[in-house]
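Student: Chains as they are written, first to last, in this note's numbering: chain A, 1 to 272; chain B, 1001 to 1202.
From the three backbone atoms N, C-alpha and C, an ideal C-beta is built for every residue, glycine too.
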Amino acid sequence: MTGRARSYNTEGVILRRRNLGEADSIFTVFSAREGKFDAIARGVRKPRSHMRGHLEPLTRSQLHLAQGRNLDVFTQAETIAAYRAVRDDLDRLALALYCCELVDRFTVERAPQPLLYDLLNELLEGLDSDAPLTIGRAFELRILSLSGFEIQLSACALCGSRIPEGDTLFSAMAGGLVCDPCRPKAETGRLLSVRAIKVLRFARSATIGQFAGLRLDEALEREVQRALADAIRQVLDRETNAGRYVDSLARPLRDTGRTAAGDVQWSPPSGS
Amino acid sequence: MADGTSTPEPIQRLIEAFHRLPGVGPKSAQRLAYHILRAPEQEARALSDALLDVKRRIRLCSVCMNITEQDPCTYCADERRDHTTICVVEQALDLLAIERSGYRGLYHVLHGVLNPMDGVGPEDIRVRELIVRLQDGVAQEVIMATNPSLEGEATAMLIQRLIGPAGVKVTRLARGLPSGADLEYTDDVTLARALEGRRELV
Ligand SMILES: [Zn+2]
Ligand SMILES: [Zn+2]
């Protein structure tokens, strides 16, 4: 390395890793100060690499980088939070990876988003302690609004009039709740119960920690989840990879043929 | 490259073919292509025969999914090996590493790991074959020897969940291995120790 190379420090969460060549990897980092960026770690896959454990996806680390010609290069990394409990539970891990994928999809390179950074760490801290998996819903709602896709929950998304208390049409395409008179104008949507609407309104203003204290029964959570999934699909224009994975874990696994071994079941590939 | 257009098409094609191989950059691909160009014809023929032979004669063992010339493979066909233990690895190269450590049970090669972010799900690797294989009730223990990376751990947890109801003991290599390690690059002593210290997945 030449002495002239510019270097900098930044704190960030590792969103993903891609292997490069024999021993290198490219990591996507979401940093508090720099926003999202890719950087390369040379020799990180060799057994004696000092940086390896500090650059695992989902790790929050203090990173030292040197500016490179194309990609910046990691020179050092130290773990701030490994979120170890998240890695030891398949459902928590799947949800954490899904949220990281959302961050990756909702952000552009080198555009700092400190509020979203805090939100991601709040989520990971929640999953690392014993917050319920429903905090994923709060994360979905908040990443939408932090990215400028606020869901209309008080006024009709089409005409702006106040939404009276009651079950109401939710249209992701319209951008939120749609009042009864406007219903014919909304192309698609699903009916949301008063309870689901209240959960969404609460998620809008609550912290992840506060949302974790909310008791949601399964049916209610599924209702909220479907509405948010609609909204996210509307923005991203396609399914998330990890999202499909979370679904496949939640879905009861389908049959490989019942056997003496019991209920060994299998979920077939979706889509193909 | 300035001379890009003047490179004859067959050489360009060879360079591109080499470049597609893992770990081969554009410069190395170019060097390899020009090496073949200068080499005697037998050398080129030997290489192309070897390439085609691999594709024609090597297949996956129908039991353990290891790459093999005969089916079942030599490990699965060997009666002296412990048929009650199955060691699950990500790739065939990892199997060789485990074998060097002195392990003498059977194997299962997944040919990949779950990678939710890149859309690699359980149906994209050889998990199903493992579940089906366990149904004969011979295996008493499944040792998860996936890499101690996030993807490797996720794969181990998923397999644990899928075979949990089958009543087979599932163990995981001990963390003698540094997190994020590649089995392929791990030394034999570390690996042997990790095998001894395996623990049951709960
Ligand atoms: Zn309206
Ligand atoms: Zn075999």
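Assuming A/G43 and A/G126 form a contact by the criterion Cβ under 8 Å, report the distance between their Cβ atoms to the nearest whole angstrom.
Tutor: Contact flag wrong, Cβ pair sits at about 34 Å.
Student: Look up A/I40 in the DSSP assignment and say whether it is helix, strand or coil.
Tutor: Correct three-state label for A/I40: strand.
Student: With DSSP collapsed to three states, give me the class of B/G1137.
Tutor: Coil at B/G1137, not helix or strand.
Student: Given a cut-off of 7 Å, decide if B/G1167 and B/V1113 are closer than it, judged by their beta-carbon atoms.
Tutor: Their beta carbons are not under 7 Å apart, which means B/V1113 does not touch B/G1167 by this criterion.
Student: Within the present structure, is the beta-carbon of A/S154 separated from the nearest heavy atom of ligand 1 by less than 6 Å?
Tutor: A/S154: no, Cβ never under 6 Å from ligand 1.
Student: Should B/A1154 be flagged as near chain A, meaning a C-beta pair shorter than 7 Å?
Tutor: Output row for B/A1154: interface = yes.
Student: Is there a Cβ of chain A sitting closer than 7 Å to that of B/P1148, yes or no?
Tutor: Taking Cβ atoms only, chain A never reaches closer than 7 Å to B/P1148, which makes this a no.
Student: So, is the C-beta of B/M1001 closer than 7 Å to a C-beta in chain A?
Tutor: Summary for B/M1001: the model assigns pLDDT 46, below 50, so the residue's position carries little reliability; its value from the coordinates is reported in the next sentence. So no, B/M1001 is outside the interface.
Student: How would you label A/R17, buried or exposed, when you count the other beta carbons within 10 angstroms and need 16 or more for buried?
Tutor: Buried.
Student: Given 6 Å as the limit, tell me if A/C179 has its C-beta closer than that to any heavy atom belonging to ligand 1.
Tutor: For ligand 1, at least one heavy atom lies less than 6 Å from the Cβ of A/C179.
Student: DSSP state of B/V1113, grouped into three classes?
Tutor: The answer is coil: DSSP assigns B/V1113 none of H, G, I, E or B.
Student: Excluding five sequence neighbours on each side, which residues of the same chain lie with their C-beta closer than 6 Å to the C-beta of A/G262?
Tutor: Any reading at A/G262 needs caution, since the residue's pLDDT is 31, under 50, leaving its predicted position unreliable; the model's value is listed next. Correct list: empty, nothing qualifies.
Student: Between the Cα of A/P184 and those of A/C159, A/A206, A/A39 and A/M51, spot the shortest distance and give me the residue it belongs to.
Tutor: Measuring from the Cα of A/P184, the nearest candidate turns out to be A/C159.
Student: Please report whether the beta-carbon of A/G166 lies at a distance below 7 Å from any beta-carbon of chain B.
Tutor: So, not an interface residue.
Student: Among residues of its own chain, excluding the 5 on either side of A/A155, which ones have a beta-carbon nearer than 7 Å to its beta-carbon?
Tutor: So the qualifying residues of the chain are S161, R162 and I163.
Student: Any chance the CB of B/C1076 is under 6 Å from a heavy atom of ligand 2?
Tutor: Checking every heavy atom of ligand 2 against the Cβ of B/C1076, one is found closer than 6 Å.
Student: On the criterion of 16 or more Cβ atoms from any shown chain inside 10 Å, does B/Q1030 qualify as buried, or is it exposed?
Tutor: Counting Cβ neighbours within 10 Å, B/Q1030 comes out buried, since at least 16 surround it.
Student: Give, in chain order, every residue of the stretch 223-243 of chain A whose Cβ lies closer than 8 Å to some Cβ of chain B.
Tutor: For the stretch 223-243 of chain A, which is checked against every Cβ of chain B, the residues closer than 8 Å are N241 and A242.
Student: Measuring from the CB of A/S171, is there a heavy atom of ligand 1 at a distance below 6 Å?
Tutor: The answer is no for A/S171.
Student: Within the stretch 120-183 of chain A, note down every full beta strand (DSSP E) run reaching 3 residues or more, in order along the chain.
Tutor: Here the runs fully enclosed are 168-171 and 176-178.
Student: Alpha carbon to alpha carbon, how far is B/E1184 from B/E1200? Give it in angstroms, no decimals.
Tutor: Between B/E1200 and B/E1184, the C-alpha separation is close to 23 Å.
Student: Return the first residue and the last residue of the beta strand (DSSP E) that A/G12 is part of.
Tutor: S7 to L20 is the extent of the beta strand (DSSP E) around A/G12.
Student: Would you mind stating whether B/R1100 and B/H1111 have Cβ atoms separated by less than 7 Å?
Tutor: No. Outside cutoff.
Student: Taking Cβ-Cβ distances below 9 Å as the criterion, which residues of the stretch 89-106 of chain A are in contact with chain B?
Tutor: If the cut-off is 9 Å between Cβ atoms, the stretch 89-106 of chain A has D89, L90, L93, A94, L97, Y98, C100, E101 and D104 near chain B.
Student: I need the DSSP call for A/V108, collapsed to helix, strand or coil.
Tutor: Coil.
Student: Got a sec: which bits of the stretch 21-35 of chain A sit with their beta carbon under 7 Å from any beta carbon on chain E, in order along the chain?
Tutor: The question asks about chain E, but that chain is absent: this structure's protein chains are A and B.
Student: Starting from the N-terminal side, write out each stretch of the alpha helix (DSSP H) that is 4 residues or longer and does not extend beyond the stretch 35-108 of chain A.
Tutor: For the stretch 35-108 of chain A, whole alpha helix (DSSP H) runs of length 4 or above, ordered along the chain, are 84-87 and 90-106.
Student: Between the stretch 211-231 of chain A and the stretch 78-87 of chain A, can you find at least three pairs of beta-carbon atoms closer than 8 Å?
Tutor: Taking 8 Å as the limit for Cβ pairs, the verdict is that the stretch 211-231 of chain A does not touch the stretch 78-87 of chain A.
Student: Would you kindly check if the distance between the Cβ of B/A1145 and the Cβ of B/C1087 is under 7 Å?
Tutor: Cβ distance < 7 Å, so B/C1087 and B/A1145 count as in contact.
Student: Check this for me: beta carbons of A/S25 and A/G12, under 7 Å apart or not?
Tutor: No. Outside cutoff.
Student: Would B/P1026 count as contacting chain A if we go by Cβ distances under 7 Å?
Tutor: With 7 Å as the cut-off, B/P1026 does not count as an interface residue toward chain A.
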